[in-house]
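A.B. asks:
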Amino acid sequence: MTLRKHLSLGLLTAAALLGAPTAAQAVDLPAPGGQLQPVDAGAGLGAVTGALGHGVRPAKTLRLDPFAQSSADVLNNGLALEPDNGLRPVSTAPLTAPLSGGGGPQDLLLVGEVTDLLPG
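Using the numbering used here, the first residue of the sequence shown is number 54, and each one after it goes up by one.
Below you can see the structure in the form of structure tokens.
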């Protein structure tokens, strides 16, 4: 481009930028109000409890034993002890059976009752 074309293009651009009104000058906006709207605590609490339930549900149903129901499951083996004095046998199977069956925290003996208190 020649110098003359550069100058004319520059002058046209400057005239367009300086002559055009800005958006704030073109539109007359009302002044902002100084009052806040009342807070709806019920809606906020409902949103928090709903989000908490959706966030806690995966932790409650999480499968704790990745090898559950497979031949490599180490929790599938139970240990039993039978006392000599005629008492009932003591076994680890009732404790590990929920986990070796593919359960989560809600299936454990004492922890399951606590997870029922959580939302979700």
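Backbone N, C-alpha and C fix where the C-beta goes; we use that ideal spot for every residue, glycine too.
In this text the structure is predicted, and so the values were computed from the model without any measurement.
Tell me the DSSP secondary structure of Ser144 in three-state form.
C.D. replies: strand
A.B. asks: Would you mind giving the Cβ-Cβ distance between Leu132 and Ser144, rounded to the nearest angstrom? I have them listed as a contact below 8 Å.
C.D. replies: 7 Å
A.B. asks: So, with DSSP's three-state summary, where would you put Ala125?
C.D. replies: Of the three classes helix, strand and coil, the one that applies to Ala125 here is coil, per DSSP.
A.B. asks: Smallest Cα separation from Asp118: which of Glu166, Asn138 and Leu161?
C.D. replies: The shortest C-alpha separation from Asp118 is found at Leu161.
A.B. asks: In or out: Gly103 buried (at least 16 other Cβ within 10 Å) or exposed?
C.D. replies: exposed
A.B. asks: Please look up how many angstroms separate the CB atoms of Thr168 and Pro158, rounded, as I've assumed it's under 8 Å.
C.D. replies: 5 Å
A.B. asks: Report yes if the CB atom of Gly173 is closer than 7 Å to the CB atom of Val109, and no otherwise.
C.D. replies: yes
A.B. asks: Identify every residue that forms a DSSP beta bridge with Leu134.
C.D. replies: Val143
A.B. asks: Taking only the alpha-carbon atoms, compute the straight-line gap between Thr55 and Ala67 and give it to the nearest angstrom.
C.D. replies: 19 Å
A.B. asks: CA-CA distance, Leu171 and Pro136?
C.D. replies: 40 Å
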